[in-house]
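Each remark here refers to the structure printed beneath this line.
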Amino acid sequence: MLIQNASWITMKDAASTVVPVFRRRFSCGRPICSATLEVTCDGVYEAVLNGKRVGNFILAPGWTEYRKRLQVQAYDIRDLLARGNTLEITVANGWYRRTNAPWTGTHNPDEFLPAMLIAALRVVTEDGEETVILTDEAWEVSESTVTLSGIFIGEDVDMTRVPAFRPAQVCDYPKSILIPQEGPEVHEQEIVYPRSSFRTPKGEWVIDFGQNLTGYMAFELDARAGEKLSISTAEVLDRDGNFYTANYRSARSQLHYICREGYQSYKPRFTFFGFRYLRIDEAPEGFDADQIHAVVLHSEMKRTGWLDSSDPTLNQLFSNILWSQKGNYLDIPTDCPQRDERYGWTGDGQIFCRAATLQYDVRQFFRKWLADVRAAQHENGWVPDVVPSLTAYKPGGSAWSDAVTIIPWQLYQTYGEVSFLADMYNAMEKWIAYIPTVSTAKDLCTGVWTYGDWLALDAPEDYQPKDMEDSKRGYSDDDLVCSAFYANSVAIVIRTGRLLGRDVSEYEELHERIVRAYRERFGGRLNTQTEKVLTLHFNLAEDPQALSDSLAEQVRDCGMKLQTGLVGTPYLLHELSRYGHADIAWSLLLRKEYPGWLYPISKGATTMWEHWDGIKPDGSFWSDDMNSYNHYAYGSVADWVFGVACGIQPAEPGYARARIAPQPDPRLNSLCAVLDTVHGRIRSAWKHTEQGIRYEIDTPVPTEIILNGKSRTVGKGRYLF
Ligand code: BGC
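Residues 654 to 1374 in the numbering used here are what the sequence shown spells out, letter by letter.
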């Protein structure tokens, strides 16, 4: 990359909150044969050439494990060039210099890097004349019109500010971290217009977009210089119908815009928000809701899966799951897009991954993120709880760190590409080799830090949690949870190793020992739903049928309620239906009361919630502290709908051969799943009719169709039963 010849440049003595704009003027000959701009920075940037934005990548260079990997974008700028040119690149804090507002006390300017830019440009004319421009002292720099910026903060803009350029300074920063762009770019994906605009009981002016989304607001207006437009964001209104922002915690999540004279349009350039509602805190006179709209952002990925049913509430759930994937696949897989986290929580990533691979083609998205998982993995084998990792670099523990095995294995199942496994094999081996170094018991994973079955609902009422985290970890035995995931990761390493032609005999012996030790230690005391679910899902039960029966009974006995948390929920319905309890699985899916998938919809949810009772039946909130309304983890249930309710399974990785075994339920009239696999489109639909259930199956590959226990093997084609 030409950029390796360039120097990092910065603005000398700038305060840590300054958002500088770097400028370089140059001329070049014509006609142009090729022109490329390579650029990256320690934040997020926007490049503008001769007044036009370079490329469509929003929040470039994206978020990677910056200590080791920083993506460089290469743009073809042929169409933007003139004879005399001005290139301006603004660099804001972004994720690299991740900060909160100075007044929150979490911003420490001393620990803060200055904004830095590195870029290289090469123009070649048709007669071979070459112009090379590299970042160096010939560049100038000024404070930009953005006066404050941060992922959590939002953006402050002063359009009346007049730039004052001075020479930029070359600075010392590693270039060894620079890598070519790997992930799909984040683009503007769709526009959502206001659904309504009203005054709350408190008198606040609020605009409702009717959809919780991730992106930003965009507006146009006519104003006098100095007039202000200030906007706050929110996901929900409170019980009284007032604007509610406490669940953003310390994320300010606002836009403050000082107008210049005349007609203008704007949208934030260096941040994003998670919101359904906007509150107009201040606006130029005459400003109206139809001057504003919302722009949805996410990583570029092709839609591959569709679900549709005869039940509008269920369809709303499908829509909510989709919107939560869109909202949380913004360069990395995040837990939530709004509060002061927006991290690449490895556990959440793993939990939702199967559903994600069905709804969108996420191959490139995960190829990049898994490279960050490898880069973030500690040398002794643990994988951090969030990737990209943070300064407080911390092991994820079971189910979180296990993303290192589970995600590549799932990608291989959905897309059939062994490279996902080959790329991760060493990292997988390192993770399972780490466990015995910290476990207190041989052949198990015990006494090791874990988030447990995060947010489970199974603690007895009189349980006294040791601390905040303990109160959220659920009541399942941590050692059991960790050991079950250990067994699963070793099993994945064995299957992966075999595919790659490695000698896995040692792992096979290890796995046998783990199963034995697990059964000995936990076999006789499987109490919580999650303990049973994990034991079943990871094939650790001695008598799986009996265990699934007891799970079904337990669910029934506690009032047909799930009690599982983040870790157990994704597998719960699978482990019921796999052993003949599809009716119970359906009861859980169709349950309209708390806790259950359809309850939030009765409270107006348009995305998945972190807590089933994010809004309680009386309209009050579960809590202010940890209450995200865009958290995809429980959306993992989509994989049960595709894979069991409609029954679409890969009989061979990538669906080179399929197995279609729908499990309909009399309470739902019809259901249809469409899945674009790498081998073509599979469609599985069923509908209750007077003559019985009518099944419609389309398959592009040899398929085993199983209906009511009867199996038939068919070739590519369309089938009606
Ligand atoms: C996140 C979760 C995450 C958890 C770790 C939370 O704050 O939002 O989704 O997995 O922390 O237990």
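Glycine included, C-beta positions come from ideal geometry on N, C-alpha and C.
Residue i CB to nearest heavy atom of the ligand BGC below 7 Å
i: G927; result: no
i: D1001; result: yes
i: L1043; result: no
i: Y1104; result: yes
i: L1219; result: yes
i: A1009; result: no
i: H1264; result: no
i: E888; result: no
i: M1462; result: Lying before the first or after the last residue shown, residue 1462 is absent from the chain, which here runs from 654 to 1374.
i: A1109; result: no
i: M954; result: no
i: H840; result: no
i: C694; result: no
i: D988; result: yes
i: W1427; result: Any answer about residue 1427 is impossible in this case: the structure gives the chain only from 654 up to 1374.
i: E880; result: no
i: M1279; result: yes
i: A1286; result: yes
i: E782; result: no
i: E1349; result: no
i: E994; result: yes
Contact belief for residue i with residue j at Cβ below 8 Å, rounded distance in angstroms
i: T1149; j: Y1224; result: At roughly 20 Å, the Cβ-Cβ gap does not stay under 8 Å, so T1149 and Y1224 are not in contact.
i: Y897; j: L908; result: Going by Cβ atoms, the distance from Y897 to L908 rounds to 18 Å, so no, they are not a contact pair.
i: Q726; j: Q834; result: 5 Å
i: V1297; j: W959; result: With 8 Å as the limit, V1297 and W959 do not qualify as a contact, their Cβ atoms being about 17 Å apart.
i: W1084; j: G1034; result: 5 Å
i: T999; j: D1038; result: 6 Å
i: V794; j: T743; result: Between T743 and V794 the Cβ distance is about 10 Å, and since that is not below 8 Å, they are no contact.
i: V1354; j: A1314; result: The pair is not a contact, with the Cβ atoms about 15 Å apart (cut-off 8 Å).
i: W1265; j: H1284; result: Between H1284 and W1265 the Cβ distance is about 11 Å, and since that is not below 8 Å, they are no contact.
i: V1040; j: S1054; result: About 10 Å; that fails the 8 Å criterion.
i: F1005; j: S1230; result: F1005 to S1230, Cβ: 20 Å. No contact.
i: I804; j: R751; result: 6 Å
Within-8 Å CB hit, residue i to chain C
i: S849; result: Of the protein chains in the structure, only one exists, and it is not chain C.
As assigned by DSSP and simplified to three states, the class of residue i
i: G1002; result: helix
i: S669; result: coil
i: F925; result: coil
i: S1289; result: helix
i: Q1344; result: coil
i: A1392; result: Absent from the model: residue 1392. The displayed extent of the chain is 654 to 1374, so no value can be given.
i: V1379; result: Here the chain covers residues 654 to 1374 and nothing more, so residue 1379 does not appear.
i: S795; result: strand
i: N738; result: strand
i: Y1247; result: coil
i: E880; result: coil
i: L1179; result: coil
i: S1201; result: helix
i: K1185; result: helix
i: W1262; result: coil
i: F971; result: helix
i: T628; result: Residue 628 lies beyond the residue range present for the chain, which begins at 654 and ends at 1374; the question has no answer from this structure.
i: D943; result: helix
DSSP beta-bridge partners of residue i
i: P1303; result: A1311
i: V642; result: Here the chain comprises residues numbered 654 to 1374, so residue 642 is not present and cannot be evaluated.
i: N900; result: Answer by DSSP bridge pairing: none, since N900 is not bridged.
i: G868; result: F926 and V949
i: D988; result: Answer is none; D988 lacks a bridge partner.
i: A772; result: V692
i: E782; result: E782 is not bridged to any residue.
i: Y749; result: In DSSP, Y749 forms no bridge with anything.
i: F765; result: Paired residues: none, contrary to the question.
i: L655; result: Beta-bridge pairing links L655 to no other residue.
i: T966; result: None, per the DSSP bridge assignment.
i: L702; result: K705 and L740
Margin query: Please give me, in chain order, every unbroken run of the alpha helix (DSSP H) with length at least 4 that falls completely inside the segment 1017–1096.
Written below: The segment 1017–1096 contains these whole alpha helix (DSSP H) runs: 1056–1068 and 1072–1091.
Notebook entry, point to check: In chain order, which beta strand (DSSP E) runs of at least 3 residues are fully inside the segment 804–836?
Noted result: Those beta strand (DSSP E) runs which fall completely within the segment 804–836 and span 3+ residues are 807–811, 822–824 and 831–833.
Check: Counting only runs that start and end within the segment 1107–1177, where is the alpha helix (DSSP H) found for 4 or more residues in a row?
Finding: Assignment of alpha helix (DSSP H) within the segment 1107–1177, counting only whole runs of 4 or more residues, yields 1121–1125, 1131–1152 and 1158–1175 in chain order.
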